[in-house]
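4 protein chains.
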Amino acid sequence: MMKMKVGVVGASGYAGGELLRLLAGHPECEVACITSRKFAGKSAAEVHPNLRDILKIKFEDLAPEKVASKCDFVFTATPHGASMSTIPVFVDSGIKAVDLSGDFRFKNVKTYERYYGLKHSCPEIKAVFGLPELHRKEIKKARLVANPGCYAACVILGLAPVIKEDLTEVVAVDAKSGISGAGAEPSQKTHYPLTAESVLPYSVAAHRHLPEIEQELQVLNKKINISFVPHLVPVIRGISATMHCFLRRGINGERIATLYEKFYKNEPFVRILNAGEMPRMSAVRGSNYIDIGCFEVDEERKRAIIVAALDNLVKGAAGQAVQNMNIMRGFEETAGLKHAALYP
Amino acid sequence: MMKMKVGVVGASGYAGGELLRLLAGHPECEVACITSRKFAGKSAAEVHPNLRDILKIKFEDLAPEKVASKCDFVFTATPHGASMSTIPVFVDSGIKAVDLSGDFRFKNVKTYERYYGLKHSCPEIKAVFGLPELHRKEIKKARLVANPGCYAACVILGLAPVIKEDLTEVVAVDAKSGISGAGAEPSQKTHYPLTAESVLPYSVAAHRHLPEIEQELQVLNKKINISFVPHLVPVIRGISATMHCFLRRGINGERIATLYEKFYKNEPFVRILNAGEMPRMSAVRGSNYIDIGCFEVDEERKRAIIVAALDNLVKGAAGQAVQNMNIMRGFEETAGLKHAALYP
Amino acid sequence: MMKMKVGVVGASGYAGGELLRLLAGHPECEVACITSRKFAGKSAAEVHPNLRDILKIKFEDLAPEKVASKCDFVFTATPHGASMSTIPVFVDSGIKAVDLSGDFRFKNVKTYERYYGLKHSCPEIKAVFGLPELHRKEIKKARLVANPGCYAACVILGLAPVIKEDLTEVVAVDAKSGISGAGAEPSQKTHYPLTAESVLPYSVAAHRHLPEIEQELQVLNKKINISFVPHLVPVIRGISATMHCFLRRGINGERIATLYEKFYKNEPFVRILNAGEMPRMSAVRGSNYIDIGCFEVDEERKRAIIVAALDNLVKGAAGQAVQNMNIMRGFEETAGLKHAALYP
Amino acid sequence: MMKMKVGVVGASGYAGGELLRLLAGHPECEVACITSRKFAGKSAAEVHPNLRDILKIKFEDLAPEKVASKCDFVFTATPHGASMSTIPVFVDSGIKAVDLSGDFRFKNVKTYERYYGLKHSCPEIKAVFGLPELHRKEIKKARLVANPGCYAACVILGLAPVIKEDLTEVVAVDAKSGISGAGAEPSQKTHYPLTAESVLPYSVAAHRHLPEIEQELQVLNKKINISFVPHLVPVIRGISATMHCFLRRGINGERIATLYEKFYKNEPFVRILNAGEMPRMSAVRGSNYIDIGCFEVDEERKRAIIVAALDNLVKGAAGQAVQNMNIMRGFEETAGLKHAALYP
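Chains as they are written, first to last, in our numbering: chain A, 1 to 344; chain B, 345 to 688; chain C, 689 to 1032; chain D, 1033 to 1376.
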């Protein structure tokens, strides 16, 4: 059987490396081309040592036209700003693509320009927001999918059912991310002596993933007011979000759990936990699952707590992207993504 | 100069050990007696190896009457439930005491009995709630001080100024604690392979420190609605609380910062951070300071974020207890507590 | 295609859980039966939450005869001492088995009895030591394979080439293991506040894996003198061993590297690193690879350093066991074991 | 009482910050001047947030002559190479100094030049090697003390008694350091996702602290052969060294323990542990103690294991430097250094 040739633009970062790990084990794909300006000439294994003996390919410093000529499908895992200049080439060449940056996530380009501080160079190119649980049909037909931000994926999936049911309009989302979310480049924010034994809130006023969350959830309820604060915690991978929902009316925890089970009934990668179980980063580490649970209601204080956990590099980035590719290309949606998390 | 003889009942746990560390360096005290049923006969250093060569005393299994006869001042660092049976002895003997458990923190004994699931055996004994920043005058005259819970100390101090100013009635408090908060006894909750690389929300419906927080803050505003969720994070010591305040009216961050500076102007252990600085566990680790800062306002979404950090074993337990003792005995309030945190 | 029915005796621990994770993705096997006295009646996912939706089976409290009647192949992941009483049943029933405990690793039963402090109840049952790199032919024909200890696998593979080449007789092996090596049961040794920010040497005088190492390496050189000290480091998974080899004669690093490349030329799970690369736990985390490298020689001081790293739960336990099963049953040796490590 | 005016040259790094923490609590000193090119104009607390409200002074970009004019005593905590150019100024001005870099540690300047790859610009300036346990008398009279390297302090003190007693000539030293040892500047070596859940051997062929160790121990036995490998472990502070001593003759553990107790009998900061106790980073964290213990002998394999632990920033750097200053100035040797470690 001929495998589909896949290119990964910007494959030297953590999301890029995770794409390579997943694609190396994908039954329908073959990694045909990986690009990196900085590491051109190096082998995949020199940059991602877990790939030694598994993926034998070298980084190239290639123009997007060259990538297009070598591949049937492309992932762009470059920083925001960079995708704007390569994606038009793939769109013009008729190459389907998933972009992992923030460049194409917003329906309203003004929102993008405000939160990213950049002028968008191709606002006419439209992408589908790549959350299959909300947009599977559009993804199936899409030529370009904008993969959600890691926090956004966690929070949108974590809140959609209660927002849709109109149980709450005021929600405080307190999210904690592993340090790999800050990327492969060393900085004060990732320096071990400062990150270990520590919890660091950041981008408090308005993190870039908040408008993504609002865009997707306001479709369900225009009036929601979300306070979102991300934190760096001393963990390599994983996002855990605690969502404090101030309730508009009385409801008990089981009812909420039932709502979630219905909402996500046929979803292959959303697991709704039982009462008494708590979503854990270790139960999703390295896997494409998002676990949602807790569903505890404090009736006296009229609030419900919902907790969601996923791996920021998998369901929060590369795994989500592969799931989108599977849908776009008509592969089995779970192809290459069935493995269990590393626990403990 | 004669030093005051101090006893520590229940000195084998982490709060007890921290009391010994601080008292060993206190200029006015001498540790005269330490008790533990389990470790009676062992030296302090066998249980707390940091005290080798520093504190030469043995654990005894002593009745409270015996402790009273040997000491001028007592700390009880036993679990809740146990303090109820020893504190009356100290009160009767005229020995001033600080209790570190939850047994005497509540004005309304019903609240205690509901949240701790125990009948209180001496509801007639009244203690002063040991937060000097709110109750210094009463502490000065108190015979018995109930030391606040670690989370409670952090959240009450973190919120008092905005609540007093009536800026908010709806607050979501997301608190993260180091694992030492779970005590010295191994359990699934403290098992390294499950706690490392993880964030665990717990006691979500209503943690025992929530009614403490409400008791103290409702004095300032009866109608506040607080959602409080504690988490275990992979850190040994430290609490960091992110407080999402949904605002009643427009205000900017500098104004909030100014409120805090005024409120805590003469406090020796409350540090208000400048704009752009974030409270860090590492800046308070091992010290009696609480750092409060962030003060970022999202005007569009009408909410302010306030962040506070302290060391759960110091300002959240033993250091706070020593500060209370200093006030009760007329020592310099900062005696034995002036050292800087370990950073990094 | 009919899949082989596999049983896992003692499947609630970390090695057992890892077997389930690997077997759930194995193309030739089906997990037919998992036993645990403590968790009988619970689902696999209640104990190992990473298996939710992936492996739907319940723990049973079954006699070995019952396991034998339900399975074509058995793994025993019970503690040493327990395997002695179940393995004879499988041997008698003609069921091939891999035992993950220390019970059948020793050619000389006296060595076992001395280091494990137990009388062996069936010394007549002989097993093959399950390191395919040294004993593949015997494993192919074996009815019972004794899976190596996690440290032993790492050190034997790490030293075999230099010992065989007679380059050294005096070696100090300093090994560091993640805390999962201490098992799923909480204890002082696994208590987060004591294990984090710490390195703990243990079993210093003579760890149980040392006689395994000696048994296998003395075949290559009778006179070797090995000092072996294991340490717990604040890591969930992974073993890294630094082997200080005092050299008998001059040799340079490249020569040593070449020896290793030859020795392990056709091995699917041994990766020899290039000069300048260092084996890392993160490059093998969750995978069945052992990485060996460093090969630096200090000519002035006549010693060479060799470093090896593997995942204690995979190549050090469950992955090794599956590799042994693959060989014993004639499956492709790498079946179910091809995935890359989680990096970072 | 007039306090001595102290200057810290290069006070923005971790050793510099630790000096400020210790000097801020020192009864005889006052920090008069702190220098940093990069942070000139910033306050101490902006760089070291633990010092807020504790040390109110600003960084200056000062020539050494200016520092000399403002201070009675100087610490140089600049990188090696830089101290060579400032120390002569202090020597000429008659200002006593402790240098924390490697520039003045070697009796033979050739050794320095070989291991540091630099030409020494003032080989005529001689310093005393600042280990009071070996050189207290010389330190008392010294004008310039070269503070030992962090690993060197740990290993020299850990081995001196067995080497002096001629029990061993072949020793493998496997040392593990917290990441703060790599300094305050972010790099791949300190990047959280690569350092957490990891153990990294480095400078394997010959770390710069090895010739220091040899210089000091060869005085006791010319023929010793030491293999030294340092590792980075996921810990902020602390060094733990496991010393595998291949024995020349039979001896038991108690005898070795007794040797150590005698050797260090009157030392205020060396603690010899009892049988069954293991030196722990957490028992010395933040304190100036070095704990030495283990002393287990494997008679069959003729080797003894000795373990030592200290805090790399205190007894391994700033605390040691203050101890040296105390001796040089005739203060009580333990002044400002009596506090207990943070445990846990």
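Ideal Cβ positions, reconstructed from N, Cα and C, are used throughout, including at glycine. Remember, it's a predicted structure, so these values are computed and weren't measured experimentally.
{"query": "Drop a sphere of 10 angstroms on the beta-carbon of residue 381 of chain B, count the other beta-carbons inside from all chains shown, and report buried for 16 or more, exposed for fewer.", "result": "exposed"}
{"query": "Cβ of residue 654 of chain B within 7 Å of Cβ of residue 634 of chain B?", "result": "yes"}
{"query": "Between the Cα of residue 1085 of chain D and those of D:1053, D:1172 and D:1201, spot the shortest distance and give me the residue it belongs to.", "result": "D:1053"}
{"query": "So, under 8 Å CB-CB, residue 360 of chain B and residue 354 of chain B are touching, yes? Tell me the CB distance rounded to an integer number of Å.", "result": "5 Å"}
{"query": "At a CB-CB cut-off below 8 Å, which residues of chain A make contact with residue 1229 of chain D?", "result": "236"}
{"query": "Can we say the region 949-966 of chain C touches the region 909-920 of chain C, given the rule of at least three CB pairs closer than 8 Å?", "result": "no"}
{"query": "Which one or two residues does DSSP pair with residue 1253 of chain D in a beta bridge?", "result": "Answer by DSSP bridge pairing: none, since residue 1253 of chain D is not bridged."}
{"query": "Across the region 175-194 of chain A and the region 1221-1231 of chain D, are there enough close Cβ pairs to call them in contact, namely three or more that are closer than 8 Å?", "result": "yes"}
{"query": "Quick check: is the beta carbon of residue 536 of chain B nearer than 7 Å to any beta carbon in chain C?", "result": "yes"}
{"query": "Pull up the DSSP beta-bridge partners for residue 285 of chain A, would you.", "result": "DSSP lists no partner for residue 285 of chain A."}
{"query": "Tell me whether the beta-carbon of residue 506 of chain B lies closer than 7 Å to the beta-carbon of residue 585 of chain B.", "result": "no"}
{"query": "So what's residue 119 of chain A in DSSP terms, helix, strand or just coil?", "result": "coil"}
{"query": "Where does residue 1234 of chain D land, buried or exposed, given buried means 16+ other C-beta within 10 angstroms?", "result": "exposed"}
{"query": "Between residue 749 of chain C and the rest of its own chain, which residues show a CB-CB distance below 6 Å, the 5 nearest in sequence each way excluded?", "result": "725 and 728"}
{"query": "Which of the three DSSP states, helix, strand or coil, is assigned to residue 1290 of chain D?", "result": "helix"}
{"query": "Since residue 1176 of chain D contacts residue 1123 of chain D with CB under 8 Å, what's their CB separation in whole angstroms?", "result": "6 Å"}
{"query": "Given this structure, state the Cα-to-Cα distance separating residue 657 of chain B from residue 524 of chain B, to the nearest angstrom.", "result": "8 Å"}
{"query": "Less than 8 Å between C-beta atoms, sequence neighbours within five positions excluded: which residues of the same chain meet that for residue 4 of chain A?", "result": "28, 29, 30, 72, 73 and 329"}
{"query": "In chain D, which residues lie less than 8 Å from residue 682 of chain B when you measure between Cβ atoms?", "result": "1057 and 1086"}
{"query": "Measure from the C-beta of residue 767 of chain C to each C-beta in chain B and report whether the shortest distance is under 7 Å.", "result": "no"}
{"query": "May I ask you to list the residues that DSSP assigns as paired with residue 201 of chain A?", "result": "A:231"}
{"query": "Go through the region 695-755 of chain C residue by residue and report every complete run of the alpha helix (DSSP H) that reaches 4 residues or more, in order.", "result": "702-712 and 732-735"}
{"query": "Could you spell out the range, first to last residue, of the alpha helix (DSSP H) harbouring residue 485 of chain B?", "result": "476-485"}
{"query": "Among C:888, C:713 and C:966, which residue has its Cα nearest to the Cα of residue 1237 of chain D?", "result": "C:966"}
{"query": "Comparing C-alpha positions only, which one of A:57, A:95, A:48 and A:77 sits nearest to residue 69 of chain A?", "result": "A:95"}
{"query": "Kindly indicate which three-state DSSP category residue 794 of chain C falls into: helix, strand or coil?", "result": "coil"}
{"query": "Along the chain, where does the alpha helix (DSSP H) containing residue 1359 of chain D start, and where does it finish?", "result": "1351-1361"}
{"query": "Can you give me the C-alpha to C-alpha distance between residue 479 of chain B and residue 499 of chain B, rounded to a whole angstrom?", "result": "16 Å"}
{"query": "Taking Cβ positions, are residue 132 of chain A and residue 109 of chain A nearer each other than 7 Å?", "result": "no"}
{"query": "Verify the contact flag: residue 788 of chain C, CB atom, against every heavy atom of the ligand FAD, threshold strictly below 6 Å.", "result": "Among the components of this structure there are no ligands whatsoever, and the ligand FAD is therefore not found."}
{"query": "Check the Cβ of residue 874 of chain C against every Cβ in chain B and list those closer than 8 Å, keeping chain order.", "result": "530, 531, 532, 534 and 535"}
{"query": "What first and last residue would you give for the alpha helix (DSSP H) that runs through residue 93 of chain A?", "result": "83-93"}
{"query": "Evaluate contact between the region 786-802 of chain C and the region 762-775 of chain C, counting only Cβ atoms and requiring at least three cross-stretch pairs below 8 Å.", "result": "yes"}
{"query": "Under the three-state reduction of DSSP, which class applies to residue 759 of chain C: helix, strand or coil?", "result": "coil"}
{"query": "Does residue 737 of chain C come within less than 7 Å of chain A when only Cβ atoms are used?", "result": "yes"}
{"query": "Do you know whose CA, among A:137, A:210, A:213 and A:237, lies nearest residue 183 of chain A's CA?", "result": "A:237"}
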